[in-house]
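Structure first, then comments.
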Amino acid sequence: MVTINSPISPCMAGVIAQPISLETGSLTHHSSKDAGGFLALWDQYKDGLLTHYCLPWMSGNRADAEDALSEASLRAWHAWSTREEDVNNTKGWFVRLVQNHCNNVRKAHTRRTRVVQCVEDITVIAGEQAAEDGVTIPEDVALRHELDQYIRRAIDTLPPRLQAPADCYFLQELACPDIATGAF
Numbered sequence: 003m004v005t006i007n008s009p010i011s012p013c014m015a016g017v018i019a020q021p022i023s024l025e026t027g028s029l030t031h032h033s034s035k036d037a038g039g040f041l042a043l044w045d046q047y048k049d050g051l052l053t054h055y056c057l058p059w060m061s062g063n064r065a066d067a068e069d070a071l072s073e074a075s076l077r078a079w080h081a082w083s084t085r086e087e088d089v090n091n092t093k094g095w096f097v098r099l100v101q102n103h104c105n106n107v108r109k110a111h112t113r114r115t116r117v118v119q120c121v122e123d124i125t126v127i128a129g130e131q132a133a134e135d136g137v138t139i140p141e142d143v144a145l146r147h148e149l150d151q152y153i154r155r156a157i158d159t160l161p162p163r164l165q166a167p168a169d170c171y172f173l174q175e176l177a178c179p180d181i182a183t184g185a186f
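FYI, in this note's numbering the residues of the sequence shown are 3 to 186.
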């Protein structure tokens, strides 16, 4: 018989894991509803869940896969405490739970991406409409002012003979031939 001292995990906040005993070669999860039993089972499957399931479902992004697996472990712990007796196939139950969580994460990411794209589209359309109407958008004015200040500081660091042409080109937006002929 092997005795395992389960580490205290952040997902078990407030629950102190008691040592559990496992017979070599067999693990019956139905015998205990404590954190140690769950942790032993989760530790048995978590590496396989990450490499074989989370990584492919999260498009190969390891950081996203690890985050999803971590969040899924919390969901598994909460569900385990109420459904332990109903689980006949522990690995299959973990796989389904992780798959559902990864799908939810991907759907949420897709929704956020769509919202950001819609906001960008609205901003572009509003900017085009404002340009047609001759209206200035306050954010554009502030951004342009900040950019002009930055360019002005950069021009001031140039040698004196280059400051006037740089000012004409970057701040006054004159064409190169006009600057070359001195028509500024």
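We treat Cβ as the ideally placed atom computed from N, Cα and C, and that holds for glycine. This one's a predicted model, so the numbers in the text were calculated from it and none came from an experiment.
Backbone secondary structure at Val-89 - three-state DSSP: coil
Could you compute how far the alpha carbon of Val-143 sits from the alpha carbon of Asp-66? 38 angstroms
Does the Cβ-Cβ distance between Leu-71 and Lys-48 come in under 8 angstroms? yes
Report the residue ranges of all alpha helix (DSSP H) runs contained in full by the region 139-173; include only those spanning at least 4 residues, in chain order. 140-158, 162-168
Mind checking which residues open and close the alpha helix (DSSP H) that includes Cys-178? 178-183
Quick test of your reading: Phe-40 and Trp-95, contact by CB under 8 angstroms. State the CB separation rounded to the nearest angstrom. Between Trp-95 and Phe-40 the Cβ distance is about 12 angstroms, and since that is not below 8 angstroms, they are no contact.
Out of curiosity, what's the CA-to-CA distance linking Ala-81 and Ala-42? 16 angstroms
To the nearest angstrom, report how far apart Val-100 and Arg-116 are at their CA atoms. 24 angstroms
Cβ neighbour criterion (16 or more within 10 Å) applied to Leu-57: buried
Starting from Leu-43, follow the alpha helix (DSSP H) in both directions and report where the run begins and ends. 37-50
Gly-62 (DSSP reduced to helix, strand or coil): coil
Figure out for me which residue from Arg-146, Ala-74, Phe-172 has the closest Cα to the Cα of Asp-158. Phe-172
Could you check whether Leu-51 and Val-97 sit closer than 8 angstroms to each other, using their CB atoms as the reference points? yes
Going straight from the alpha carbon of Arg-85 to that of Thr-92, what length do you get? 11 angstroms
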